[in-house]
Structure formats: structure tokens, C-alpha cells
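I have placed the structure first, in the form of C-alpha cells, so that the comments after it can refer back to it.
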């Protein structure tokens, strides 16, 4: 399992994305799982820093037989993304509000979310579909 | 993220993005997109070389689209790969602007829409 703590800044969010890319690469995850994990980390980090005013966040990534897992722990304000509304635009037109899409994307890009407010921190575990990338030539070998 | 802007003889502005449309990527192109949204009339955004998109990038695209629509401009997105297209559809951006397989198809659609509008006005 890879795990690392980051300060609660937007600059650190960029560092976290780089670290996550390295971790998902080391696990050999398929492209769709890598995309989903990267997206969820960015959305959760942004939310924790901008809205939760978190001072630090700890990210852990590991693989289970049925798919990768991501744990995101932050010390920001209590926020349960599993209960957040899924926001999206409906139809054309120029009168719409922009923002608030992140929590919905996390819900849609993960298979399962488990949230716990525990000892002053938000603790969220995400489960993802998809495992490791198929090795080169695997299709031909089957 | 790299951003290349070109203009065709027909007055279509093409923006080709290359890289990750993440926090850093959105910060890099926000300013240029604000300028484009205020002056372009027909805008094609080519995402075929964008391998990642999150909500901050979607926000940049939505702000651009909203500004252009309010000015009476037209905007289309081309070449989004699977993950990027999924983000655009889940946020409803695809209901705001058209998604096309490539820049040529997007440009053709914009020119047709502009022509239809001109004919209705005439």
C-alpha cells in the first residue's frame, strides 16, 4: 500500500496528483481505473482545501482482488460526499450556475463509497472497478 | 498544458489543447480562454490530446461557453477521448454544446448553425 500526507494547499494538490500517478503506475492499473482515481483525488483534494479548509490530507492507494481502493483522510470541516447532491446542467441556455460538480463526479467514477467522520477527520474509502492493465499480447494468448 | 489557437478563413477559431486539464492545466489556460470567449464568434475546442479532465477544467469550459452563448457565439468540442467525454456528459456539458468526433465535424456543424441563424434573420 502507498500512503502519503500532504499539506492543505492547491500546490500540494498538484503534488498529490503526481504522487497518485506514480502509485497507480506502480500498481499497473488499467487506464480507466487510473483516470477514475486521479479524478477522485483531484475533486476530494479541491473540496477539502477550498470548502473544508483542511490543513492536511492523507492519501492511501492499494489493490484488492476486486479492484483498487483509495482512502482519503482530511482534517477539514465535516463533509460526507456520499450524501452530496449530483449536480449537472440540463439543456442549452446561458443562465446556469457553474460549480459543485466535483462530488457528483466522485460518486459516478467510483463503484462504492464509505464515509466516516472519525476523531475530527473525514475518512472516505472509495472502491473502483477495473484491475491491472492486461499484459501485452494477453488477448492473442487467450 | 499547451494551447494552440488558429483561425480559419471562414472565421472559425480552433483551440487545440495538449496535456492534462487538471488544476495546473486549468490555471494555465483560464486567462487565454477568457480572452477568446470575449472575441471569438465560432469556437472549436479540440480535446483529442487531453488525457485527463476534472471539474476545474470543466469549469473553464463552462465559463467560456456561457460567455460566448450570451454574446450570441457558437462553441463545439471535438475529439474527447472516453474518460474526458464521460466527465463532459456527467456534468451535462454535452447538453450545452455539441460534442463531435473531430475538429472537421465540429467546424462544419458550427458553420451550418451560423448559416441557419443568418437565414432566419434575413
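Protein chains in written order, with my numbering: chain A, 2 to 143; chain B, 8 to 129. Heads up, the beta-carbon is just placed ideally off N, CA and C, and yes, glycines get one too.
Do the CB positions of residue 104 of chain B and residue 91 of chain B come within less than 7 Å of each other? No.
On the DSSP letters alone, give me the boundaries of the beta strand (DSSP E) that residue 130 of chain B sits inside. The structure shown has nothing for residue 130 of chain B, since chain B only spans 8 to 129.
Are residue 73 of chain A and residue 45 of chain A touching if we call contact CB-CB under 7 Å? Yes, these two residues count as a Cβ contact at 7 Å.
Can you give me the C-alpha to C-alpha distance between residue 60 of chain A and residue 4 of chain A, rounded to a whole angstrom? Approximately 6 Å between the Cα atoms of the pair.
Can a CB atom of chain B be found closer than 7 Å to the CB of residue 15 of chain A? Look at residue 15 of chain A: its C-beta is under 7 Å from a C-beta on chain B.
Check whether chain A comes within 7 Å of residue 18 of chain B, counting only Cβ atoms and requiring the distance to be less than that. Residue contact with chain A for residue 18 of chain B: absent (no Cβ-Cβ distance below 7 Å to any residue of chain A).
Simplified DSSP assignment, three categories, for residue 5 of chain B: There is no way to answer for residue 5 of chain B, as the model of chain B reaches only from 8 to 129.
Residue 48 of chain B by DSSP, collapsed to three states: which one? Coil at residue 48 of chain B, not helix or strand.
Drop a sphere of 10 angstroms on the beta-carbon of residue 142 of chain A, count the other beta-carbons inside from all chains shown, and report buried for 16 or more, exposed for fewer. Residue placement at residue 142 of chain A cannot be trusted, given a pLDDT of 40 that sits under 50; the coordinates are not used to answer.
When the Cα of residue 38 of chain B is compared with those of B:10, B:122, B:87, B:20, which residue comes out closest? Closest option to residue 38 of chain B, Cα to Cα, is B:10.
Start and end residues, alpha helix (DSSP H) containing residue 88 of chain B: Neither: residue 88 of chain B is in no alpha helix (DSSP H) and is coded neither H nor E.
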